[in-house]
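>
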Amino acid sequence: MVEVVFSSWRKNVTTTPELNGLPERMNRTVMERVRSMLAHAKLSKTFWVEALMTATYVINKSPSTALDEDISQRVWTGKDVSYRHLRVFGCLAYVHVAKDKRAKLDPKIGSCIFLGYGDNEFGY
């Protein structure tokens, strides 16, 4: 019986992020997208979480070489992916103002900035 001891190897792996090549590269890719999205939208760094969530949402709807150019969301859910609802991060968006929140002559819409997609329901 052969016994292999990896204790010193494990210690180096846990303290050396360079050995986690794929996850570190994905972290770098996501953060570069976040930085670009914030700069393009001319938004402050305080919106980094919204940009991060939007970037990962788009990545999950993009083809992946690890999946032979298939889309991870399609592989995970088994459903086809639609791109018709995608919008540019930071673009001008409009929201409907409910009837009970406005007076008779107030506008029915309000303008805002698009910051991402809903998690549990279809919406922005």
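The opening position of the sequence shown corresponds to residue 677 in this note's numbering, with each subsequent residue numbered one higher. Quick reminder that beta carbons are idealized off the backbone N, C-alpha and C, glycines included. Fair warning: this is a prediction, and the values are worked out from it, not measured in the lab.
1. Going straight from the alpha carbon of C767 to that of A717, what length do you get?
2. Run through the region 734-793 for me and flag every whole alpha helix (DSSP H) of 4 or more residues, listed as ranges in chain order.
3. N645 lies in the alpha helix (DSSP H); which residues open and close that run?
4. Run the CB neighbour count on T730, radius 10 Å, all protein chains shown included, and call it buried at 16 or more, exposed below.
5. Just to confirm my understanding: we take V710, look at its own chain, exclude 5 residues before and 5 after, and list those with CB closer than 7 Å. What are they?
6. Where I747 and R778 are concerned, what is the direct C-alpha to C-alpha distance, given to the nearest angstrom?
7. Which residue's Cα is closest to the Cα of F765: R701, D782, M713?
From the atom records:
1. 7 Å
2. 748-753
3. Residue 645 lies beyond the stretch modelled for the chain, which goes from 677 to 800, so this question has no answer here.
4. buried
5. W724, A727, L728, A731
6. 43 Å
7. M713
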